[in-house]
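Here's the structure, in structure tokens; my notes come after.
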Amino acid sequence: MEISGNRTLLSFINNDEKSSQKSPQLEIYEPDPQNSRPAKYYTASLTDPYSPPSPESPWACTPTNPSPPSTLLYQCIASLHRHDGNIFSIAVLHGSVFTGSESSHIRVWKQMDFAERGYLKTNSGDVRAILAYGNMLFTTHKDHKVRVWSVTNNSGDFRSRKLTMLPPQNSFRLFSRKKTLQHQDCISCLAYYHAEGLLYTGSWDKTVKTWRVSDQRCMDSFVAHNDAISAIVVNQEDGSVFTCSSDGSVKIWRRVYGENSHTLTMTLKFQLSPVNALAISSSLNSCYLYSASSDGLISFWKKEKISSRFNHGGFLQGHKYSVLCVVAMERLIFSGSEDTTVRIWRREEGSSFHECLAVLDGHRGPVRSLAACLENVVMGFLVFSASMDGTFKVWRVRIFPEEKNTSKYERVQRDPKLKLMEYETVKRSDLDTKFMECEIRAALEILSANVMFAHYHITIFGLV
2 MEISGNRTLL SFINNDEKSS QKSPQLEIYE PDPQNSRPAK YYTASLTDPY
52 SPPSPESPWA CTPTNPSPPS TLLYQCIASL HRHDGNIFSI AVLHGSVFTG
102 SESSHIRVWK QMDFAERGYL KTNSGDVRAI LAYGNMLFTT HKDHKVRVWS
152 VTNNSGDFRS RKLTMLPPQN SFRLFSRKKT LQHQDCISCL AYYHAEGLLY
202 TGSWDKTVKT WRVSDQRCMD SFVAHNDAIS AIVVNQEDGS VFTCSSDGSV
252 KIWRRVYGEN SHTLTMTLKF QLSPVNALAI SSSLNSCYLY SASSDGLISF
302 WKKEKISSRF NHGGFLQGHK YSVLCVVAME RLIFSGSEDT TVRIWRREEG
352 SSFHECLAVL DGHRGPVRSL AACLENVVMG FLVFSASMDG TFKVWRVRIF
402 PEEKNTSKYE RVQRDPKLKL MEYETVKRSD LDTKFMECEI RAALEILSAN
452 VMFAHYHITI FGLV
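So the number in the numbering used here is just where the residue sits in the sequence shown, counting from 1, plus 1.
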């Protein structure tokens, strides 16, 4: 099988150089989107070099390992290795995947065939966070500033243009002399409130800043935590802002009505471990907040409809070491950990019951960044994971229709003790039913005998 055109992450499978000397062979799966299992096998020489997708790229293709069979079908369909530096951030926008690293180049990949589409070049590296919305891309850099990009993808023609920086280069101080517009340390996280066009930035300097993107104005700046801020998310339903920190707390902020300032409404602190990541799953009927911490647990909090307070609902336990990243999509939760694995969790519809569907095992270092998006071709999800081992992997996850809703009866059937209790209850019920049938049968026989006796007695006396 020959692949022509642009070099893709899957093309290295078939571009092995033919040599006279025999070398060890490695079996590699090529995923078939029309089939639930890997359909074809190819061989790639272990001694062959894996060249980068482009001459200037520091990335090299690596073989993907076949994923084990499961009721939840998943497989690693692409893998890249970066020779120098770590990958800090991932974002998906308009069929393109953006990766940020220690380099000043933000790499762009095509989502369909994972071909490299180019890069966004900046004057400052260390891209710790990337956020995508609409046609805009927000990136944070080593100079403690945010770049705003315009990204378009018309008929496969990818174009990008830098719009502005936050704060702008010609900005002047809008606050007092003691306060400046720019963060004083690394900007670790970003969040965007769609309804009002507000960008929130969280930093290791313990502060949160609010930017109005339309005029590049800093609307508010406040100290949010006692330690470095790790993550920030916004509930698009009501504009609430959630922040977490190495101080082990999660805080909820709201804008003061008619003002630009923010006020603290609630502090969530259930354990002492540093909180590394946040994710929110919000719908018309429910709202859940997930916080990943260094003790290997993922806490989830459920919002009350009347009081709007968040109550602790429990933990998602499974990771062996610190959980570094978490992403929520609909009722699925994806988490990456220092134990080198990615776990997929599912929340039952209408309840707080969670179950671990699968463990994606393929990295050799801590998984520090995750992103996910819907894949309409196979009615599933694409999961993008970046590890401190320098690898970037793409996973295809599919859920069968019968796996989307798990009834309580199915959960009882999986528990032997509950199943035995149910069997004994049914057995007792059957015995009670049989006993009642015997009593009814005896009563009918007695009634029939009385009727016959009465008929005989009436006949003798000539009444009939």
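Built from N, CA and C at the ideal position, the CB exists for glycine as well.
What number of angstroms, rounded off, separates the C-alpha of residue i from the C-alpha of residue j?
{"i": "Gly391", "j": "Asp127", "result": "15 Å"}
{"i": "Gly366", "j": "Ile107", "result": "22 Å"}
{"i": "Ala470", "j": "Leu358", "result": "Given a span of 2 to 465 for the chain in the structure shown, any question on residue 470 remains unanswerable."}
{"i": "Leu10", "j": "Gly96", "result": "Low local confidence applies: a pLDDT of 37 at Leu10 is under 50, so the model's placement there is unreliable, and no value is given."}
{"i": "Val384", "j": "Ser222", "result": "34 Å"}
{"i": "Ser282", "j": "Cys288", "result": "6 Å"}
{"i": "Asn236", "j": "Leu74", "result": "31 Å"}
{"i": "Cys326", "j": "Val149", "result": "24 Å"}
{"i": "Thr244", "j": "Ser294", "result": "13 Å"}
{"i": "Pro402", "j": "Leu333", "result": "With a pLDDT of only 47 at Pro402, under 50, the local geometry of the prediction cannot be trusted, and the value read off the model is given with reservation. Approximately 14 Å between the Cα atoms of the pair."}
{"i": "Cys187", "j": "Lys143", "result": "7 Å"}
{"i": "Leu361", "j": "Trp110", "result": "22 Å"}
{"i": "Thr342", "j": "Arg160", "result": "34 Å"}
{"i": "His145", "j": "Arg162", "result": "20 Å"}
{"i": "Leu265", "j": "Asn154", "result": "40 Å"}
{"i": "Val257", "j": "Ser241", "result": "11 Å"}
{"i": "Glu197", "j": "Gly259", "result": "13 Å"}
{"i": "Gln170", "j": "Leu182", "result": "11 Å"}
{"i": "Val234", "j": "Leu94", "result": "18 Å"}
{"i": "Leu421", "j": "His355", "result": "In this prediction, Leu421 has a pLDDT of 35, which is less than 50 and means its spatial position is unreliable; what the coordinates show is noted afterwards. Between Leu421 and His355, the C-alpha separation is close to 23 Å."}
{"i": "Arg218", "j": "Tyr194", "result": "15 Å"}
{"i": "Leu121", "j": "Thr141", "result": "13 Å"}
{"i": "Arg83", "j": "Leu375", "result": "26 Å"}
What are the boundary residues of the beta strand (DSSP E) that residue i is part of?
{"i": "Trp110", "result": "His106 to Lys111"}
{"i": "Asn136", "result": "No beta strand (DSSP E) holds Asn136; DSSP gives it neither H nor E."}
{"i": "Tyr193", "result": "Ile188 to Tyr194"}
{"i": "Tyr201", "result": "Leu199 to Ser204"}
{"i": "Glu376", "result": "Val368 to Glu376"}
{"i": "Ala387", "result": "Gly381 to Ser388"}
{"i": "Asp158", "result": "Asp158 to Leu167"}
{"i": "Asp221", "result": "Arg218 to Val224"}
{"i": "Phe311", "result": "Phe311 to Gln318"}
{"i": "Gly101", "result": "Ser97 to Ser102"}
{"i": "His355", "result": "His355 to Asp362"}
{"i": "Thr208", "result": "Thr208 to Arg213"}
Please look up how many angstroms separate the CB atoms of residue i and residue j, rounded, as I've assumed it's under 8 Å.
{"i": "Trp346", "j": "Cys77", "result": "Not quite, the Cβ-Cβ distance comes to about 19 Å (not below 8 Å), so this is no contact."}
{"i": "Leu371", "j": "Val328", "result": "5 Å"}
{"i": "Phe301", "j": "Gly314", "result": "5 Å"}
{"i": "Phe316", "j": "Leu290", "result": "Actually they are not in contact, since the Cβ atoms of Phe316 and Leu290 sit about 13 Å apart, beyond 8 Å."}
{"i": "Val98", "j": "Ile91", "result": "7 Å"}
{"i": "Ser104", "j": "Gly86", "result": "6 Å"}
{"i": "His184", "j": "Thr202", "result": "7 Å"}
{"i": "Thr208", "j": "Met220", "result": "Thr208 to Met220, Cβ: 14 Å. No contact."}
{"i": "Ser353", "j": "Lys304", "result": "Rounded, the Cβ-Cβ distance is 12 Å, inconsistent with contact."}
{"i": "Ser189", "j": "Ser125", "result": "Between Ser125 and Ser189 the Cβ distance is about 15 Å, and since that is not below 8 Å, they are no contact."}
{"i": "Arg399", "j": "Val378", "result": "Not really, about 10 Å apart at Cβ, beyond 8 Å."}
Does the distance from the CB of residue i to the CB of residue j come in under 7 Å?
{"i": "Gly319", "j": "Arg344", "result": "yes"}
{"i": "Leu81", "j": "Phe393", "result": "yes"}
{"i": "Ser139", "j": "Leu199", "result": "For clarity, residue 139 is Phe in the given sequence; the question names Ser instead. The answer is no: Cβ separation not under 7 Å."}
{"i": "Tyr1", "j": "Ser338", "result": "Coverage of the chain is limited to positions 2 through 465, which leaves residue 1 absent and any answer about it impossible."}
{"i": "Asp228", "j": "Ser215", "result": "no"}
{"i": "Val147", "j": "Asn136", "result": "no"}
**Message:** Would the region 271-281 count as touching the region 248-255 if we require 3 or more Cβ pairs under 8 Å?
**Reply:** yes
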